[in-house]
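In the numbering used here, the protein residues as written are -10 to 144.
What follows is the structure in structure tokens.
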């Protein structure tokens, strides 16, 4: 059994995808950080990178276990990876939501931005780079512009 997969070029492509996802998630996180929200650059970047990595590893996982002795037992469902990403993201998002008194809730937008960067990570993992970049730019515009237009009304 080899320790290293001989297809190092595929690993470098996966690394490039994770790096792109890290940057895109970090951009959204930077906006949240500048707005002094509970989840910032590191949280958003790591979540986006992790989401991407889980997606790009799906093919590797399927290939690895398909060569085992009982390939007929393998039932690959990539949607389960995405479900796990959403579940983990929901856990993180819930930790950013705080209630103050009976009428003040904070952190909902940050929780939503965490879900968005998870989706961006999935998109990069599926090699949908243009979509991921444009959605990131759209999110940044929304967070900045709407944040200034509706200051004090949201969160």
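All residues carry an ideal CB built from backbone N, CA and C; glycine is no exception.
Could you tell me which residues DSSP puts in a beta bridge with residue i?
| i | result |
| --- | --- |
| residue 133 | For residue 133, which the question treats as bridged, DSSP gives no partner whatsoever. |
| residue 89 | 93 |
So, residue i versus residue j, is the Cβ gap smaller than 8 Å?
| i | j | result |
| --- | --- | --- |
| residue 78 | residue 107 | yes |
| residue 114 | residue 12 | no |
| residue 27 | residue 85 | yes |
| residue 1 | residue 110 | no |
| residue 103 | residue 82 | yes |
| residue 7 | residue 42 | yes |
| residue 121 | residue 112 | yes |
| residue 99 | residue 21 | yes |
| residue 70 | residue 47 | yes |
What's the call for residue i, buried or exposed, on a 16-neighbour Cβ count within 10 Å?
| i | result |
| --- | --- |
| residue 32 | buried |
| residue 15 | buried |
| residue 126 | exposed |
| residue -8 | exposed |
| residue 128 | buried |
| residue 143 | With a pLDDT of 47 at residue 143, under the threshold of 50, the predicted position of this residue should be treated as unreliable, though the coordinate-derived value follows. Residue 143 should be labelled exposed. |
| residue 96 | buried |
| residue 132 | buried |
Can you give the beta carbon distance from residue i to residue j, rounded, assuming they're within the 8 Å contact cut?
| i | j | result |
| --- | --- | --- |
| residue 149 | residue 38 | Nothing about residue 149 can be read from this structure; the chain reaches only from -10 to 144. |
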